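Visitor: One structure, as structure tokens, below. Some questions next.
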Amino acid sequence: MRRFILYLVRWQLSTPILWLVVRKMGTGIWSTVIANLIGGAIFFWVDKFIFTSKAVEVWHIKEGKCDQCGRVSHLWRLIKTAGYDKSGSNPVFLCMECSKRKTDELRAKGIPVRGKSR
Ligand SMILES: [Zn+2]
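The opening position of the sequence shown corresponds to residue 24 in the working numbering, with each subsequent residue numbered one higher.
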């Protein structure tokens, strides 16, 4: 959710660039192209920050059976954090205990997991 808000803010940031360029050069297709080039050059770095930042940690939460020990409980799945991206992998949901063990392993590997923020 936090990432989504960041992303919306980031889109708003491209508004003044578009506006400035279009105001200086008119509303032709080329001024829009140039505005988007400028925006792209800036937002490549902004997006990189948003999607790799430690501030953004993505978890999925559901009820069900732990994929590791089989216990039925609240399950968590860490999808993304700095230096860790499992968004394309097979989802593995873990109970609180297994999840804690897993995040401890990740931390030992130097991946900064803060844990479930709720
Ligand atoms: Zn478990």
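All C-beta atoms, glycine included, are put in the ideal place defined by N, C-alpha and C. Being a predicted model, the structure only gives us computed values, none of them experimental.
Fully enclosed by the stretch 52-104, which beta strand (DSSP E) runs are 3 residues long or longer?
Guide: Counting only runs of 3 or more, we get 81-88 and 95-104.
Visitor: Using only CA atoms, which one of K71, S122 and W82 lies nearest to G93?
Guide: Numbered from 1 along the sequence shown, position 70 holds the residue referred to as residue 93. Of K71, S122 and W82, the residue nearest in Cα terms is S122.
Visitor: Return the chain-ordered list of same chain residues with a C-beta closer than 6 Å to the C-beta of I84, the five sequence neighbours on each side being excluded.
Guide: One-based indexing of the sequence shown puts residue 84 at position 61. Once the five neighbours on either side are set aside, the close Cβ partners of I84 are W99.
Visitor: Starting from the N-terminal end, write out each residue whose C-beta falls within a distance shorter than 6 Å of any non-hydrogen atom of ligand 1.
Guide: Going by the Cβ distance cut-off, the answer is C89, Q91, C92, R94, L117, C118, E120 and C121.
Visitor: In the DSSP output, which residue or residues are listed as bridge partners for L117?
Guide: Indexing the sequence shown from 1 puts residue 117 at position 94. Its beta-bridge partners are W99.
Visitor: Return the CA-CA distance between F116 and C89, expressed in angstroms with no decimal places.
Guide: Taking the first residue of the sequence shown as position 1, residue 116 is located at position 93. Taking the first residue of the sequence shown as position 1, residue 89 is located at position 66. Looking at the two C-alpha atoms, the distance is approximately 6 Å.
Visitor: Over what stretch of residues does the alpha helix (DSSP H) that includes T50 continue unbroken?
Guide: Within the sequence shown, residue 50 is the residue found at index 27, counting from 1. Element bounds for T50: n/a, residue is neither H nor E.
Visitor: Who are the Cβ neighbours of F66 in its own chain at under 8 Å, not counting the five residues just before and after it?
Guide: By one-based count along the sequence shown, residue 66 stands at place 43. These residues qualify, in order along the chain: R33, L36 and S37.
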